[in-house]
Amino acid sequence: MSAAKTPIFLIGATGYVGGTVLHRLLTHLSADTFEITVLVRSEEKAKKLESFGVKPVVGSTKDVVLLEGLVEQAHVVFSCADADDLPAMEAILSGLRKRHAKLGDLPILIHTSGTGELTIGQETKGMYATDTIYDDSNVEQIESLPPDAFHRNVDLAVVQADKEGYVKTYIILPSTIYGIASTPLVDAGIQNPYSIQIPALIKASLGRGHPGMVGKGAALWGSVNIDEVADLFIILFDAIVSNPESVGHGREGYYFGSSDEHAWYQISKAIGKAMVELGLSKSDEPTAFSDEELVKYFGSLWMGNYSGTNSRARANHSKAIGWKPKKGTEDLVASIKAEVEAILKQQKN
Ligand SMILES: NC(=O)c1ccc[n+]([C@@H]2O[C@H](COP(=O)([O-])OP(=O)(O)OC[C@H]3O[C@@H](n4cnc5c(N)ncnc54)[C@H](OP(=O)(O)O)[C@@H]3O)[C@@H](O)[C@H]2O)c1
Numbered sequence: 006m007s008a009a010k011t012p013i014f015l016i017g018a019t020g021y022v023g024g025t026v027l028h029r030l031l032t033h034l035s036a037d038t039f040e041i042t043v044l045v046r047s048e049e050k051a052k053k054l055e056s057f058g059v060k061p062v063v064g065s066t067k068d069v070v071l072l073e074g075l076v077e078q079a080h081v082v083f084s085c086a087d088a089d090d091l092p093a094m095e096a097i098l099s100g101l102r103k104r105h106a107k108l109g110d111l112p113i114l115i116h117t118s119g120t121g122e123l124t125i126g127q128e129t130k131g132m133y134a135t136d137t138i139y140d141d142s143n144v145e146q147i148e149s150l151p152p153d154a155f156h157r158n159v160d161l162a163v164v165q166a167d168k169e170g171y172v173k174t175y176i177i178l179p180s181t182i183y184g185i186a187s188t189p190l191v192d193a194g195i196q197n198p199y200s201i202q203i204p205a206l207i208k209a210s211l212g213r214g215h216p217g218m219v220g221k222g223a224a225l226w227g228s229v230n231i232d233e234v235a236d237l238f239i240i241l242f243d244a245i246v247s248n249p250e251s252v253g254h255g256r257e258g259y260y261f262g263s264s265d266e267h268a269w270y271q272i273s274k275a276i277g278k279a280m281v282e283l284g285l286s287k288s289d290e291p292t293a294f295s296d297e298e299l300v301k302y303f304g305s306l307w308m309g310n311y312s313g314t315n316s317r318a319r320a321n322h323s324k325a326i327g328w329k330p331k332k333g334t335e336d337l338v339a340s341i342k343a344e345v346e347a348i349l350k351q352q353k354n
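Residue numbering for the sequence shown follows my numbering, beginning at 6 and increasing consecutively.
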């Protein structure tokens, strides 16, 4: 008789991050010991996912009864859909609590947050860099983040659950993820291959016909390549499975996915260079977005100014468990022309 497989439940399988993580699980050395269930909103994508050997369930995280029930059946949950959906996280935690109560199992939750959490209260608007650098191995420093920081309400609920003892929790906080995801799930039309922040800056720059930035583009953020942040998910998962006692969880379970730091100006300048090369702008020198442009292209002043905040992160904890990212700002800058071309192609279709 074959040994029971590990039930894994992943949310966000059709997404940029979640799809890349799912691909890594499907190609993991122990993949044949996993039984992977995913929750997807599209019936068409669910059908396609079946051929990848996963069990798709059609539905939304807004259906908290469905979500809780699916979570209850899993020993490992990867939450890769939404860093800010507290009701969904409460349903996830409730499912994990029930599993623990019924089976005595101590399940594992790996949740995706983001280093946007480090930007709270900033009125920098791209005008200057701040000095504070956050270190994921400094528990007290992370605990000093205010409860109203971006993503923080969900992260605090996750850490509280670990404290209550019915689940072991781990939170990965990527900074700006860059690069076009390239997986068989993208090729099959299942996964979104594009990130969020850089594509938004590209679309705004294309829209105004000139590279744009918030203020002087002087604020600093961390960055990470999509494949290297997927490495972090798998290195963390492997460490938890092989040597759980050595891996920090709960209040000690924050892992930044950040490998280098850029000024926003560098990104906007690279967008400008690509626009000049493609004959879309006369100058590669970025200029500041007006408030009207921030609202028009990013949806609100707050969203627009987000790319003028500082988020300075050092991933010492992630590196301590064996994460070895090699890519840096040069790679980020080199990735931008392909992003511009991809967006132009989308806009033509
Ligand atoms: N990309 C970055 O640079 C970055 C950096 C730091 C943190 N993060 C965080 O990571 C998370 C994922 O980001 P991403 O870039 O992968 O975004 P994405 O490509 O838009 O993926 C989001 C995924 O979540 C799914 N989803 C959203 N709402 C859902 C719902 N109600 N029910 C079921 N599924 C739902 C989407 O499904 P559909 O296909 O049906 O829409 C998709 O699979 C977000 O919380 C984001 O803030 C991202």
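Ideal Cβ placement from N, Cα and C applies to all residues, glycine included.
Ranges of the alpha helix (DSSP H) found wholly within the stretch 281 to 330, counting only runs of at least 4: 296 to 303, 306 to 310, 321 to 325
Are there any heavy atoms of ligand 1 lying less than 7 Å away from the beta-carbon of Gly17, as far as the coordinates show? yes
Less than 6 Å between C-beta atoms, sequence neighbours within five positions excluded: which residues of the same chain meet that for His105? Tyr171
CA-to-CA distance, Phe57 to Gly222, given in whole angstroms: 42 Å
For Asp265, verify whether its CB is less than 7 Å away from any heavy atom of ligand 1. no
Helix, strand or coil: how does DSSP classify Pro249 here? helix
Given a threshold of 16 other Cβ atoms within 10 Å of its Cβ, counted over all protein chains shown, does Asp167 qualify as buried or as exposed? buried
For Phe14, list the residues DSSP reports as bridge partners. Thr42, Val82
Sequence-distant residues of the same chain with beta carbon closer than 7 Å to Ala88, five excluded per side: Thr117, Ser118, Gly119, His156, Val159
Beta-carbon separation of Pro198 and Tyr311 under 8 Å? no
Helix, strand or coil at Met218 according to DSSP, with G and I counted as helix: strand
Cβ of Thr334 within 7 Å of any heavy atom in ligand 1? no
Please state the DSSP three-state secondary structure of Ser210. helix
As assigned by DSSP and simplified to three states, the class of Ser56: coil
Check this for me: beta carbons of Glu282 and Lys331, under 8 Å apart or not? no
Go ahead and pull the three-state DSSP assignment for Ile203. helix
Let me check you understand the geometry: is the CB of Tyr260 closer than 7 Å to at least one non-hydrogen atom of ligand 1? no
If you follow the beta strand (DSSP E) that Gly258 is part of, which residue opens it and which one closes it? No beta strand (DSSP E) holds Gly258; DSSP gives it neither H nor E.
Buried or exposed: which applies to Lys173, given that a residue is buried once 16 or more other Cβ atoms fall within 10 Å of its Cβ? buried
How many Å lie between Thr19 and Gln196 at the Cα? 4 Å
I believe Thr188 touches Gly74 by the beta-carbon criterion, under 8 Å. Please report the beta-carbon distance rounded to the nearest angstrom. About 28 Å separates the two Cβ atoms, so there is no contact after all.
Check whether the Cβ atoms of Pro123 and Arg317 sit closer than 8 Å, and answer yes or no. The sequence shown places Leu at residue 123, rather than the Pro named in the question. Yes. Within cutoff.
Can you pull the DSSP bridge partners for Tyr175? Ile115
Determine the extent of the beta strand (DSSP E) in which Asp110 is found, giving its start and end residues. No beta strand (DSSP E) holds Asp110; DSSP gives it neither H nor E.
Starting from Ala268, follow its DSSP beta bridges and name the residues at the other end. Leu225
Quick check: the Cα distance between Val76 and Gln352, rounded to an integer number of angstroms? 38 Å
Continuous alpha helix (DSSP H) stretch holding Tyr21: start and end: 21 to 31
Going by the DSSP bridge assignment, what does Val63 pair with across the sheet? Val45
Chain-order list of residues whose beta-carbon lies under 6 Å from that of Lys52 (same chain, five-residue window excluded): none
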